[in-house]
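Undergrad: One structure, as structure tokens, below. Some questions next.
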Amino acid sequence: MSDRSQATILNVDDDEADRYATSRILQQKGFRVIEAATGGEALLRVAEGPDLIVLDVHLPDIHGFEVCRQIKTDPATARIPILHLSATFLDSQSQVNGLDNGADAYLTQPVEPPVLIATVRALLRMRQAEAAAQAAARQWQTTFDVIQNGACLLDREGRIVRCNQAMAEILGRPSGEILGRAFCELLYRATGSLEACPLLYGGESGDDGSTDLTVGDRWYLVTVNPLLNEDGQLAGAIHIMTDITERKRAEEALKEADCRKDEFLAMLAHELRNPLAAIASAVQLLCRRKSDVPALDLAREVAERQVQHMTCLLDDLLDVSRITRGKIELRKQPVDLSTVVDHAIQTSSSLIHAQKHELSVSLPAEPLQLEADPDRLVQIFSNLLNNAAKYTPPGGCIWLTAGSEGGKAPGSGPGQAVVRVRDNGMGISPEVLSHVFDLFVQAHRSMDRSQGGLGIGLTLVKRLVELHGGSVEAHSTGPDQGSEFVVRLPLRPMPAPGPSPAAPSATAGVPARRRILLVDDNEDAARLMALILEMGGHEVRVVHDGPTAIAAAVEDRPDVVLLDIGLPRMDGYEVARRLRQHDSLARTILIAITGYGQEEDRQRSEEVGFAHHLVKPVASADLLRLLAEMFEAR
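Just so we're aligned, residue 1 is where the sequence shown starts under the UniProt record's numbering, counting upward by one.
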């Protein structure tokens, strides 16, 4: 009905004169009128779709109230407004009954034409407004249902006022069963977890919120947006449930791939370190005796230097992988700065000497104590020295200075240790300087690869320094101007002076002969390591698998078992567990010598009873020194 004057009105009255009078009034105002004299005829003609019905109460066949009730209970005609007319007085209860049966208004005849027309127009406007609201609601619901995400509108008590088809499908119920129900109750039944209910608003809260939860085998992100009334008080919320199953599966796939990568890196390290350990042991044996042939001495020096280089590359590659995944744990202890700098210089000395560089070192006269992981500090400073050696032309100069800053003013704290590594080498261009600590970045990328490296050393330096609560800076005025790296680390407050250390005994440094069981499935590495230990004065028995190792240990009761982890038939962890079950081996020291060097590998070693976890290749001097120190401590 585009215009109210074109409305069709069904006039129902058994009195012909009254029916004529009413129809005349309506027609004069431009309404189209159809008529019925009985209730039965009215029920038939209502199928013609009138816009309004004027209905007499007293009809000869069916009471007007019953006609009204039947029209209002039929969904096809329930929205048609009904105006009751009666030529006789009806008491208030009868009028109430009429309205209860669905009538929209009531007038008593004779009715003044203006009153009748005004009432009819008011009812038609009401119907138009209802129709517009229904159309808007249908349009809104259609739009609501088109949304692929589950969506529902909740009232202040958390009951569902509206929901779309996607939400009904998620909750597994028809929309009719959902409306008016508490959202948390439905979600609890859908998810099986009351704690997973995302109804995050309530009480005085009006904050947005979100959570992930599962419904069946699907994952959903539930977001909650509060609805506030005019006074700013919480009036309800809109809940959106977005299916994130594919994203979750992708995340799980990435985690699984990351786990496989970890396993691959661990296995790669083990497989590379095993032959590297044999080569390193062979080189160490050759280096014990000088040759009369200079070329052989040179070959030994080159082999030793390249083994060290290969070991550092392997360690750096694995470390940067662990650091990027946050799996590096520092083993902090009180350390002296000069001591770790000395160790770093020793580590890098072969590369510095090979390049014929001049190294100038300035260390503080007074000890500077740090709370740090000494192995990681050596790694930091040796990486910086190696970097300077590689990017400085042969015969260059490298300066290492160490000192402290701050900590002198009252209440200022202990200050910082500062280590500077400077060279007169190739320098760093401004465009590279800002990215020099990024992974795989190198200052020079020439095809000859003369400097070597993977571009990960400085990344490791930065991450390890930051893990210690410090900072590192790079400075260079440009190409061919050299570079300087400055590391700052927090100092440890100096403890009160303690008693002087006892003088070493007269027998210190003279290693005692120990019975050692060496277990390694790499026969070359085992033979060479056994030879080195025997040359160090120890008695060594070699076996190559777990069960044989257990039998040999029970038979010989060795002082030390050097045990590889990646053994055939039974791994080193299980061997260690079984050895610890024998009372006769209670004083036997277990040392893991393995290609597995990740933090979780060290933790497992400690859990099963290993006293030390050494990563291949192990320097023979370090191993012999460790054996001597352990038994001195006993």
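C-beta: ideal position from N, C-alpha, C; glycine also.
1) Helix, strand or coil: how does DSSP classify Gln355 here?
2) Excluding the 5 residues preceding and the 5 following Glu358 in the sequence, name in chain order all residues of the same chain whose CB lies nearer than 6 Å to its CB.
3) Quick one: grab the DSSP three-state call for Met267.
4) To which residues of the same chain is Phe264 closer than 8 Å at the C-beta, ignoring the five residues directly before and after it?
5) Which whole-angstrom value is the C-beta distance of Pro374 and Val335, which I expect to be below 8 Å?
6) Tell me the rounded alpha-carbon separation between Ser175 and His435.
7) Within the chosen definition, does the stretch 464–472 reach the stretch 375–389 through at least 3 CB pairs nearer than 8 Å?
8) Taking Val461 and Ile380 to be in contact with their CB atoms under 8 Å, please state how far apart those CB atoms are, rounded to whole angstroms.
9) Using three-state DSSP, classify Gly406 as helix, strand or coil.
10) Return the CA-CA distance between Gly572 and Leu272, expressed in angstroms with no decimal places.
11) Quick one: what's got a C-beta closer than 6 Å to Val608's C-beta in the same chain, skipping five residues either side?
12) For Pro367, collect the residues of the same chain with a Cβ closer than 6 Å to its Cβ; drop the 5 residues on either side in sequence, then sort them by chain order.
13) Alpha carbon to alpha carbon, how far is Ser483 from Ala389? Give it in angstroms, no decimals.
14) Just the Cα atoms here: how many angstroms apart are Arg445 and Ser349?
15) Looking at C-alpha atoms only, which residue of Ser360, Gln346, Glu329, Leu351 is the closest neighbour of Ala372?
16) My output table needs one value for Leu626: the three-state DSSP class, helix, strand or coil.
17) Leaving aside the five residues before and after Asp559 along the sequence, list all residues of the same chain whose C-beta is less than 6 Å from its C-beta, in chain order.
18) What are the start and end residues of each continuous alpha helix (DSSP H) run of 4 or more residues lying completely inside the stretch 108–186, in chain order?
19) With a cut-off of 8 Å, do at least 3 Cβ pairs link the stretch 211–219 to the stretch 227–239?
20) On a Cα-Cα basis, can you pick out the residue from Leu26, Glu534, Gln416 that is closest to Pro114?
21) What first and last residue would you give for the alpha helix (DSSP H) that runs through residue 636?
22) Quick one: residues in its chain with C-beta nearer than 6 Å to the C-beta of residue 668, no 5 flanking neighbours on either side, listed in chain order?
23) Per DSSP, Phe485 is paired with what?
24) Would Met241 be called buried (16 or more neighbouring beta carbons within 10 Å of its own) or exposed?
25) Grab me the residues of Met310's own chain with a C-beta within less than 7 Å of its C-beta, minus the 5 sequence neighbours each way, in chain order.
26) Hey, quick one: how far does the beta strand (DSSP E) through Arg218 stretch, first residue to last?
27) Going by beta-carbon coordinates alone, are Phe610 and Ala628 separated by less than 8 Å?
28) Where DSSP assigns a beta bridge to Leu491, which residues make up the other side?
29) Out of curiosity, what's the CA-to-CA distance linking Ala37 and Leu59?
30) Using the DSSP secondary-structure output, state which residues sit across from Ala237 in a beta bridge.
31) Can you find the residues in the same chain that come closer than 7 Å, C-beta to C-beta, to Arg181, ignoring five residues on each side of it along the sequence?
32) Does DSSP put Ile428 in a helix, in a strand, or in coil?
33) Give the secondary structure of Ala47 by DSSP, where H, G and I count as helix, E and B as strand, and everything else as coil.
34) Should Met267 go down as buried or exposed, given a rule of 16 or more other Cβ atoms within 10 Å for buried?
35) Skipping 5 residues on each side, what residues in its chain have a beta carbon closer than 6 Å to that of Gly39?
TA: On the basis of the data shown:
1) On the sequence shown, position 355 is the one that residue 355 refers to. Gln355 falls in the coil class under three-state DSSP.
2) On the sequence shown, position 358 is the one that residue 358 refers to. These residues qualify, in order along the chain: Cys397.
3) In the sequence shown, the residue the question calls residue 267 occupies position 267. The answer is helix: DSSP assigns Met267 an H, G or I state.
4) One-based indexing of the sequence shown puts residue 264 at position 264. For Phe264, where only same-chain residues beyond five positions count, there are no Cβ hits under 8 Å.
5) Locating residue 374 in the sequence shown gives position 374, counting from the first residue. Locating residue 335 in the sequence shown gives position 335, counting from the first residue. About 5 Å separates the two Cβ atoms, so the contact holds.
6) Residue mapping note: residue 175 aligns to position 175 of the sequence shown, counting from 1. Residue mapping note: residue 435 aligns to position 435 of the sequence shown, counting from 1. So the two alpha carbons sit approximately 57 Å from each other.
7) yes
8) The sequence position of residue 461 within the sequence shown is 461, counting from 1. The sequence position of residue 380 within the sequence shown is 380, counting from 1. Contact holds; Cβ gap of about 5 Å.
9) Against the sequence shown, residue 406 aligns to sequence position 406. Here Gly406 sits in coil by DSSP.
10) Numbered from 1 along the sequence shown, position 572 holds the residue referred to as residue 572. Numbered from 1 along the sequence shown, position 272 holds the residue referred to as residue 272. Looking at the two C-alpha atoms, the distance is approximately 18 Å.
11) If you number the sequence shown from 1, residue 608 lands on position 608. Contacts found: Tyr573, Ala576, Arg577.
12) The sequence position of residue 367 within the sequence shown is 367, counting from 1. Excluding residues within five positions, the ones whose Cβ falls inside 6 Å are Asp336.
13) Here residue 389 corresponds to residue number 389 of the sequence shown, with the count starting at 1. Here residue 483 corresponds to residue number 483 of the sequence shown, with the count starting at 1. Roughly 11 Å separates the two Cα atoms.
14) Counted from its first residue, the sequence shown places residue 445 at position 445. Counted from its first residue, the sequence shown places residue 349 at position 349. Bear in mind that the predicted position of Arg445 carries a pLDDT of just 40, short of 50, making it too unreliable to give a figure here.
15) Here residue 372 refers to the residue found at position 372 of the sequence shown. Ranking Ser360, Gln346, Glu329, Leu351 by Cα distance to Ala372 puts Glu329 first.
16) One-based indexing of the sequence shown puts residue 626 at position 626. Helix, per DSSP.
17) Mapped onto the sequence shown, residue 559 falls at position 559. Taken in chain order, the residues that qualify are Arg514, Arg515.
18) 113–146, 165–171, 175–178
19) no
20) Numbered from its first residue, the sequence shown carries residue 114 at position 114. The shortest C-alpha separation from Pro114 is found at Leu26.
21) Residue 636 is absent from the structure shown; the chain starts at 1 and stops at 634.
22) Only positions 1 to 634 of the chain appear in the structure, and residue 668 is not among them; the question remains open.
23) For this step, residue 485 is matched to residue 485 along the sequence shown. Answer is Val421, Ala474, bridged to Phe485.
24) Position 241 of the sequence shown, counted from the first residue, corresponds to residue 241. Result: buried.
25) In the sequence shown, counting from the first residue as 1, residue 310 sits at position 310. Cβ within range, chain order: Leu276.
26) Here residue 218 refers to the residue found at position 218 of the sequence shown. Arg218 -> beta strand (DSSP E) spans 218–228.
27) In the sequence shown, the residue the question calls residue 610 occupies position 610. In the sequence shown, the residue the question calls residue 628 occupies position 628. Taking 8 Å as the Cβ cut-off, Phe610 and Ala628 do not qualify as a contacting pair.
28) Working through the sequence shown from its first residue, we reach residue 491 at position 491. In DSSP, Leu491 forms no bridge with anything.
29) Stepping through the sequence shown from its first residue, residue 37 is reached at position 37. Stepping through the sequence shown from its first residue, residue 59 is reached at position 59. Roughly 8 Å separates the two Cα atoms.
30) The residue given as residue 237 occupies position 237 in the sequence shown. Answer by DSSP bridge pairing, in chain order: Leu154, Pro226.
31) Residue 181 sits at position 181 when you count from the first residue of the sequence shown. So the qualifying residues of the chain are Arg159, Ile160.
32) Your numbering for residue 428 matches position 428 in the sequence shown. Ile428 falls in the coil class under three-state DSSP.
33) As a position in the sequence shown, residue 47 is number 47, starting the count at 1. Helix.
34) Against the sequence shown, residue 267 aligns to sequence position 267. Result: exposed.
35) As a working note, residue 39 is residue 39 in the sequence shown. So the list reads Leu59, Asp61, Ile62, Val67, once near-sequence residues are dropped.
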